[in-house]
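Residues in the sequence shown are numbered consecutively from 885, following my numbering. All C-beta atoms in this analysis are idealised placements derived from N, C-alpha and C, irrespective of residue type, glycine included. Note that this is a predicted model, so its numbers are computed, not measured. Scroll down for the structure; my scribbles are underneath it.
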Amino acid sequence: MISLTSRVSRIVHGRQAITADIALRLGAFFGTTPQFWLRLQEGYDLALARANAREELGAIQPLSA
Numbered sequence: 885m886i887s888l889t890s891r892v893s894r895i896v897h898g899r900q901a902i903t904a905d906i907a908l909r910l911g912a913f914f915g916t917t918p919q920f921w922l923r924l925q926e927g928y929d930l931a932l933a934r935a936n937a938r939e940e941l942g943a944i945q946p947l948s949a
């Protein structure tokens with residue numbers, strides 16, 4: 885089993901995402917909610933997806949009402 889220290893190191897270096905399990909542990913350690921950590925991961929994932937799909941997203945024509 886991978887230690888929490890190893891998991892955090894992998895997260896910091898961008899090699900692992902924050903999972904619900906890790907969010908629970910980080911929340912307990914730092915006195916925050918697990919949702920805080922999961923929202924950070926979600927924001928990172930969206931920013932990465934947006935950067936990777938920039939051209940494709942720019943070509944999409946919005947649906948007109």
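With a beta-carbon spacing of about 6 Å, residue 902 and residue 895 fall inside the 8 Å limit used to define contacts. Taking 7 Å as the cut-off, the beta carbon of residue 907 is found closer than this to the beta carbon of residue 922. Between the alpha carbons of residue 943 and residue 928 lies a distance of about 23 Å. Judged by DSSP secondary structure, residue 893 falls within the alpha helix (DSSP H) whose first and last residues are 888 to 896. Between residue 909 and residue 888, the gap from beta carbon to beta carbon is short of 7 Å.
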